[in-house]
Amino acid sequence: MFKRDRLLIKNLLQYSKSYLSKSVKVCGWIDSFRVQQSNGIAFISLNDGSCLKSLQIILNPESDEEKSLLGSIYEDGTKGVSIEVIGEIVESPAKGQVIELKAKIIKVFGTVNAKEYPIAKKKLPLEFIRKFPHLRIRTKTMSGIARLRNTCSIATHTFFQMLNFKYVHTPILTGSDGEGAGETLNISNTLGDEPFFGSPVNLAVSGQLHGETYAAGLGDIYTFGPTFRAENSNTSRHLAEFWMIEPEMCFINLKDLIDIAEDYIKFCIKSCLVSCKDEIEFFTEHHKEGLLEQLSKIVDTPFSRMSYTEVIQTLEKEIDEGRAIVRDNGMVHKKFKKLAKDKHIFEEPVFWGCDLGSEHEKYMTDKIIGGVLVVYDYPKEIKSFYMKENPGGKTVQAMDILVPNIGELVGGSMRIDDYEELKTKMEDKEISIPWYLELRKFGSVPHGGFGLGFERLIMLVSGIENIKDVIPFPRYPKHCEM
Numbered sequence: 019m020f021k022r023d024r025l026l027i028k029n030l031l032q033y034s035k036s037y038l039s040k041s042v043k044v045c046g047w048i049d050s051f052r053v054q055q056s057n058g059i060a061f062i063s064l065n066d067g068s069c070l071k072s073l074q075i076i077l078n079p080e081s082d083e084e085k086s087l088l089g090s091i092y093e094d095g096t097k098g099v100s101i102e103v104i105g106e107i108v109e110s111p112a113k114g115q116v117i118e119l120k121a122k123i124i125k126v127f128g129t130v131n132a133k134e135y136p137i138a139k140k141k142l143p144l145e146f147i148r149k150f151p152h153l154r155i156r157t158k159t160m161s162g163i164a165r166l167r168n169t170c171s172i173a174t175h176t177f178f179q180m181l182n183f184k185y186v187h188t189p190i191l192t193g194s195d196g197e198g199a200g201e202t203l204n205i206s207n208t209l210g211d212e213p214f215f216g217s218p219v220n221l222a223v224s225g226q227l228h229g230e231t232y233a234a235g236l237g238d239i240y241t242f243g244p245t246f247r248a249e250n251s252n253t254s255r256h257l258a259e260f261w262m263i264e265p266e267m268c269f270i271n272l273k274d275l276i277d278i279a280e281d282y283i284k285f286c287i288k289s290c291l292v293s294c295k296d297e298i299e300f301f302t303e304h305h306k307e308g309l310l311e312q313l314s315k316i317v318d319t320p321f322s323r324m325s326y327t328e329v330i331q332t333l334e335k336e337i338d339e340g341r342a343i344v345r346d347n348g349m350v351h352k353k354f355k356k357l358a359k360d361k362h363i364f365e366e367p368v369f370w371g372c373d374l375g376s377e378h379e380k381y382m383t384d385k386i387i388g389g390v391l392v393v394y395d396y397p398k399e400i401k402s403f404y405m406k407e408n409p410g411g412k413t414v415q416a417m418d419i420l421v422p423n424i425g426e427l428v429g430g431s432m433r434i435d436d437y438e439e440l441k442t443k444m445e446d447k448e449i450s451i452p453w454y455l456e457l458r459k460f461g462s463v464p465h466g467g468f469g470l471g472f473e474r475l476i477m478l479v480s481g482i483e484n485i486k487d488v489i490p491f492p493r494y495p496k497h498c499e500m
């Protein structure tokens, strides 16, 4: 088994007392460097990316010979410089840290010109560092997000593997539009004058349809990979490329589907609270006040559940009783302003059959529920062709999970399992995916699944408000720099 010849700062801090008086080697990047003018003692804050916290290194050479072993650090020491340090672990007299490293030998790997380094300052707006996607990982915020992504990724596989789901790799290139919405990014390569694949191909908007084929043989599966949407949206909640977790399950009902989605979300949050405690505390202090408390509440509280009809009735009641109002663009501004005083303003109207917007979703989670809300049984007209109808035919067995400050985190449904019913639906909507329809001809079963936007999950656990800051290299309209 591979063994590093250096010690990770995470392990050193975790088992700090066991390393006292021992000689160790660490490597990393300087977070800060300062020299006391009175006595020449220097202090380095070093981070290697393994954890949020940095290790304090003391430079206190007592002779010219000892100083020579520290190399060029006094000349080159500045934020971002990469170094190797060998020294002795000693108890720290400083408050808030148990140990520090008394340096004996320092080797400088890579220097930094502080005047040219765009992220040399400690506090930089996320909008600014977004301009430097190749460098922003070196900030505490972005490295913290990367560790949260790692933890949630591992938690995803752990959760579904514990339940005996099989991980399926669905294709990125596909000939179908999974949602039937037409928001696909097309592939235009050719072989001579002919299309490369012989027929139109696009980047997958979802792994769901392909996932259903494997669920029909394996029972329960999940996918976890990138998806693509040609949606011309430049909001804080949308990307052209993002990651999705999409389980598909056989022999279940809608309640089962909601239960497993709730359990999965809570499992990921718990994993972050345990494995990324320092990161959560950092984001609570620097980005979202009350984050730690909010995440703990989500884990400890059953998700509220309301039908779509109940949500509409609730929103209409809020309007009728004067706590909210729908903007009237035809009304004189001063008159509307007076009418809307002390009321929440909805930009879009509320009525049974409307597609709930993010403003309606956030109002429900933030003002009505004060937590996570599961909405189920949506009007069939506003949902996808493959969703199973409820008795009566007005609504489908669909569900969305809405979370505070973000809105929709999960969207799922029971799938139509009857051949003739799905055939009629697809013909009505002029959708032709013969292989998908054929799944219902041979041993079809009650089945369903959901999709969870991974970046929105990271927004939830980090408190970061813009989705462009929770993915390593964001792609959105007119932006694909690297």
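Just so we're on the same page, my numbering is the position in the sequence shown counted from 1, plus 18.
Even for Gly, the Cβ is constructed at its ideal location relative to N, Cα and C.
Assignment of residue 50 by DSSP, reduced to helix, strand and coil, places it in the strand class. Check the Cα spacing between residue 29 and each of 39, 20 and 44: the tightest is with 44. Beta-bridge analysis with DSSP links residue 418 to 393 and 429. Excluding its 5 nearest sequence neighbours in each direction, residue 387 has C-beta neighbours in its own chain below 7 Å: 322, listed in chain order. Taking 8 Å as the cut-off, the Cβ atoms of residue 106 and residue 125 do not count as close. The beta carbon of residue 306 sits closer than 7 Å to the beta carbons of 481 from its chain, once the five residues preceding and following it are set aside; these are given in chain order.
Residue burial annotation: residue 211 is exposed, with fewer than 16 other C-beta atoms found within 10 angstroms of its C-beta. In the three-state reduction of the DSSP assignment, residue 472 falls in the helix class, which pools H, G and I. Between the segment 423-435 and the segment 366-380, the count of Cβ pairs shorter than 8 Å is three or higher; the stretches touch. Going by beta carbons, residue 285 and residue 183 fall outside the 8 Å limit.
Residue 237 sits in coil when the DSSP states are folded into three classes, being neither helix nor strand. Straight through space, the alpha carbons of residue 201 and residue 446 are spaced by roughly 20 Å. Linking residue 83 to residue 93 through their CA atoms gives a straight-line distance of about 17 Å. Out of 208, 95 and 252, the CA that lies nearest to the CA of residue 52 is found in 95. Listed in chain order, the beta strand (DSSP E) runs fully inside the segment 67-147 are 73-77, 100-109 and 117-128, counting runs of at least 3 residues.
Inclusion of residue 220 and residue 253 in the CB contact set at 8 Å is not warranted, their separation being larger than that value. Inside the segment 331-386, DSSP marks whole alpha helix (DSSP H) runs of 4 or more residues at positions 351-357 and 376-380, from first to last along the chain. Residue 256 carries a coil assignment under DSSP once its states are collapsed to helix, strand and coil. In this structure residue 292 is exposed. Its beta-carbon is surrounded by fewer than 16 other beta-carbon atoms within 10 angstroms. A distance below 7 Å between beta-carbons, with the five flanking residues on each side excluded, links residue 129 to the following residues of its chain, in chain order: 94 and 99.
For the 8 Å CB-CB criterion, residue 437 and residue 462 form a contact.
The closest CA to that of residue 371, considering only 396, 204 and 454, is found on 396. The continuous beta strand (DSSP E) containing residue 62 extends over residues 60-65.
Residue 322: not part of any alpha helix (DSSP H); member of the beta strand (DSSP E) spanning 322-325, first to last residue. For residue 168, the enclosing alpha helix (DSSP H) begins and ends at 158-180. In terms of Cβ geometry, residue 345 and residue 364 form a close pair [threshold 8 Å]. The beta carbon of residue 389 sits closer than 8 Å to the beta carbons of 315, 316, 319, 321, 322, 383 and 422 from its chain, once the five residues preceding and following it are set aside; these are given in chain order. Rounded to whole angstroms, residue 419 and residue 296 show a C-alpha spacing of 27 Å. Note that the segment 131-138 does not touch the segment 214-231; fewer than 3 beta-carbon pairs, one per stretch, sit closer than 8 Å.
Excluding sequence positions up to five before and after residue 41, its CB lies within less than 6 Å of the CB of 106, all in the same chain and listed in chain order. Taking the C-beta atoms as reference points, residue 75 is found no nearer than 8 Å to residue 108.
Annotation: the continuous alpha helix (DSSP H) that includes residue 317 extends over 309-318. The alpha-carbon of residue 215 is positioned some 13 Å away from that of residue 194. Sequence-distant partners of residue 459 (beyond 5 residues in either direction) whose C-beta falls short of 8 Å from its own C-beta, in its chain, are 437. The continuous alpha helix (DSSP H) containing residue 275 extends over residues 272-293.
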